[in-house]
Amino acid sequence: MSRLPAGAPIVTAAQMRAAEEAVFAGGATPLALMERAGVAVARQVARLAAGRPILVLAGTGGNGGDGYAAARLLREAGCDVRVASLGPPTHPAAMTMAARWTGPTWPLASAASAPVVVDALLGIGAARPFAAEPAAALDRLLALADLRIAVDLPSGRDPGTGEGGIQADVTIALGALKPAHVLGDDRAGHVLLADLSIPLASDWSTLSRPTLRPPRREATKFTRGKLVVVGGAMAGAGVLAASAALHGGAGYVILAEPERRDGAPHALVRRHVADASALATLLADDGIGAVLVGPGLGRDEAAQAQLAVVLASPHDLVIDGDALTLLGREVGARIGTDRRRVFLTPHGGEFSRMFTGHGSKIAATAGAAAASGATVIHKGPATVIADPSGRVQVAADASSWLASAGTGDVLAGLVAARLAAGDEHPAETAVWLHGRAAARVGAGLIADAMIPALSPLLDRPST
Ligand SMILES: NC(=O)C1=CN([C@@H]2O[C@H](COP(=O)(O)OP(=O)(O)OC[C@H]3O[C@@H](n4cnc5c(N)ncnc54)[C@H](OP(=O)(O)O)[C@@H]3O)[C@@H](O)[C@H]2O)[C@H](O)CC1
Ligand SMILES: [K+]
């Protein structure tokens with residue numbers, strides 16, 4: 001997945017169509033908007049083709065219209081362009097664009113391929129799978145291409161969920177990103193966003209770059225964020241989370257553990273908490289800014305008792321790992337968001353143990369946040385952050401090397417650190433830091449290596 005623009009709106013196909021209607025109501029014609037799309041596509045294709053012959057596959061709707069417009073503009077610019085047509089256009093503006101295209105045109109089934117293939121068959125209007133004949137022709141034409149550029153969406157990809165579609169190397173998203181550009185597998189390839197000057201409003205966007213400030217001059221280690229990490233049977237998970245919290249900006253991190261343990265980092269304050277009542281005593285402290293429970297907690301009776309104590313405390317919470325599984329479908333009823341902020345950090349499996357999600361990962365996560373009253377950080381190749389107000393941010397360009405043990409503990413520690421430190425958007429900042437740290441570590445990362453990569457990011461937030 002490519003590096004997507006930060007804070008870019010993500011809209012559904014229905015929102016995109018509504019935004020286009022508003023542009024038409026303001027006086028622009030569908031043909032003028034299609035020409036804008038054609039200009040944007042032609043510009044990118046010319047740059048990427050770098051002189052190689054181009055075959056534009058044109059469908060019958062608006063997506064095909066964009067293809068005919070781009071083909072004409074590329075030909076006018078001196079490129080070697082042919083069109084392979086799925087059939088006569090049915091979309092009015094596409095009919096005009098097809099009539100304006102005067103270059104060579106073949107039926108899809110008999111067209112020869114080219115080094116650069118531009119897929120303008122289907123965009124947000126994909127209604128059903130391709131019939132056998134066009135599907136076979138498409139496979140043949142794409143297999144012979146060196147570069148496959150999809151217009152708006154890889155044809156056949158569900159705009160809402162990112163399922164299916166042809167394999168593209170580059171996708172030019174028109175006007176706005178749709179869920180299919182940030183969700184699903186890698187079939188969209190490198191995503192470029194073409195601005196068509198269509199005003200858009202959406203509660204959903206790509207992850208924004210956070211605002212990071214150094215501690216205030218008068219800060220103390222306690223006011224900078226006092227955090228309790230409730231450790232459990234798996235000692236390493238708690239240490240990773242607590243270390244990430246320290247390097248992620250918390251001033252004072254206590255690791256509460258069921259056994260006496262020591263070791264690095266020495267800045268960590270270790271407390272032996274033999275049982276749930278000892279944990280209750282530790283948590284009876286107004287100065288605590290946040291509590292993290294879950295990493296390495298285990299799922300036995302002792303873990304249940306620890307979790308119950310954490311939930312009974314008045315503190316803001318980050319709930320991760322085993323604690324999410326222990327909560328299961330009871331999550332909304334048990335976390336008590338009327339008196340504090342709660343952040344849940346499930347991966348896909350943990351999410352489905354808590355919530356019966358509907359629709360795309362974005363819609364399902366937004367629904368889970370609304371239902372539980374918590375901010376839900378639904379991890380994966382695309383990490384979806386949804387808060388109970390309906391606001392959603394998606395981080396879709398993190399390193400695939402993050403699929404590695406312990407990276408979730410690091411993220412949970414970061415969310416908790418930012419929450420304890422009073423960050424207005426702890427989830428967004430944490431996910432951003434996590435992604436950037438992974439990028440700095442690079443190939444073959446292990447979770448431990450992310451920890452020292454965090455602190456420099458606090459100093460230079462723009463890197
Ligand atoms: N977003 C913007 O600002 C702009 C987008 N533009 C482009 O327009 C498309 C959307 O156009 P639309 O006509 O609504 O939809 P599509 O072109 O994606 O697809 C609809 C046509 O495709 C036919 N269809 C659907 N499924 C199949 C299939 N499996 N096999 C063959 N044909 C299929 C459908 O035919 P029907 O028989 O179902 O009626 C339609 O003819 C958007 O994605 C952008 O690329 C505008 O150019 C302006 C700006
Ligand atoms: K397409």
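Anchor point for the sequence shown: position 197 equals 197 in full-length UniProt numbering, and the numbering is continuous, going up by one each time. All residues carry an ideal CB built from backbone N, CA and C; glycine is no exception. From a predicted model like this one, the values you see are computed outputs, not experimental measurements.
Spatial distance of residue i from residue j (CA atoms)
| i | j | result |
| --- | --- | --- |
| residue 218 | residue 381 | 40 angstroms |
| residue 1 | residue 13 | Below a pLDDT of 50, predicted positions are generally treated as unreliable, and residue 1, at 40, falls in that range; no measurement from the model is reported. |
| residue 416 | residue 135 | 49 angstroms |
| residue 199 | residue 376 | 28 angstroms |
| residue 425 | residue 279 | 28 angstroms |
| residue 36 | residue 130 | 27 angstroms |
| residue 413 | residue 430 | 9 angstroms |
| residue 406 | residue 436 | 16 angstroms |
| residue 40 | residue 101 | 17 angstroms |
| residue 181 | residue 43 | 20 angstroms |
| residue 38 | residue 195 | 12 angstroms |
| residue 262 | residue 277 | 22 angstroms |
| residue 117 | residue 46 | 12 angstroms |
| residue 21 | residue 5 | 25 angstroms |
| residue 321 | residue 266 | 25 angstroms |
| residue 48 | residue 190 | 12 angstroms |
| residue 294 | residue 159 | 35 angstroms |
| residue 152 | residue 11 | 13 angstroms |
| residue 84 | residue 112 | 9 angstroms |
| residue 458 | residue 404 | 23 angstroms |
| residue 393 | residue 428 | 8 angstroms |
| residue 366 | residue 386 | 5 angstroms |
| residue 68 | residue 79 | 14 angstroms |
| residue 233 | residue 296 | 6 angstroms |
| residue 419 | residue 303 | 23 angstroms |
| residue 214 | residue 348 | 34 angstroms |
| residue 440 | residue 259 | 34 angstroms |
| residue 448 | residue 251 | 20 angstroms |
| residue 249 | residue 421 | 7 angstroms |
Residue i, buried or exposed, once every other Cβ within 10 Å from all chains shown has been counted against 16
| i | result |
| --- | --- |
| residue 66 | buried |
| residue 257 | buried |
| residue 139 | exposed |
| residue 92 | exposed |
| residue 243 | buried |
| residue 454 | buried |
| residue 446 | exposed |
| residue 270 | buried |
| residue 210 | buried |
| residue 275 | exposed |
| residue 432 | buried |
| residue 185 | exposed |
| residue 345 | buried |
| residue 264 | exposed |
| residue 462 | Summary for residue 462: the model assigns pLDDT 46, below 50, so the residue's position carries little reliability, and this model does not support an answer. |
| residue 128 | exposed |
| residue 19 | buried |
| residue 187 | buried |
| residue 390 | exposed |
| residue 237 | buried |
| residue 201 | exposed |
Same chain, Cβ closer than 8 angstroms to residue i, neighbours up to 5 away in sequence not counted
| i | result |
| --- | --- |
| residue 283 | 228, 291, 309, 310, 313 and 315 |
| residue 301 | none |
| residue 8 | 176, 177, 193, 205 and 206 |
| residue 364 | 351, 355, 357, 358 and 378 |
| residue 373 | 332, 335, 337, 338, 342 and 388 |
| residue 298 | 232, 233, 234 and 322 |
| residue 34 | 62, 65, 66, 69, 93, 94 and 97 |
Cutoff 7 angstroms; reference residue i; Cβ partners in own chain excluding five residues on either side
| i | result |
| --- | --- |
| residue 133 | 109 |
| residue 361 | 183, 378, 382 and 384 |
| residue 443 | 401 |
| residue 334 | 311 and 327 |
| residue 81 | 54, 56, 71, 74, 75 and 103 |
| residue 89 | 60, 64, 65, 95 and 98 |
| residue 369 | 375, 376, 386, 387 and 388 |
Contact belief for residue i with residue j at Cβ below 8 angstroms, rounded distance in angstroms
| i | j | result |
| --- | --- | --- |
| residue 226 | residue 288 | 5 angstroms |
| residue 166 | residue 154 | 5 angstroms |
| residue 164 | residue 156 | 5 angstroms |
| residue 86 | residue 64 | 7 angstroms |
Contacts around residue i, its chain only, beta-carbon distance under 6 angstroms, and the 5 residues preceding and following it disregarded
| i | result |
| --- | --- |
| residue 32 | none |
| residue 126 | 156 |
| residue 395 | 207, 383, 431 and 435 |
| residue 452 | none |
Q) Is the segment 201–217 in contact with the segment 28–47, if contact means three or more CB pairs nearer than 8 angstroms? A) no
Report task. Kindly confirm or deny that the segment 108–125 and the segment 50–70 touch, where touching means at least three C-beta pairs closer than 8 angstroms. Result -> yes
Can we say the segment 142–152 touches the segment 165–172, given the rule of at least three CB pairs closer than 8 angstroms? yes
Is it true that the segment 349–359 meets the segment 322–339, where meeting means three or more beta-carbon pairs spaced less than 8 angstroms apart?
yes
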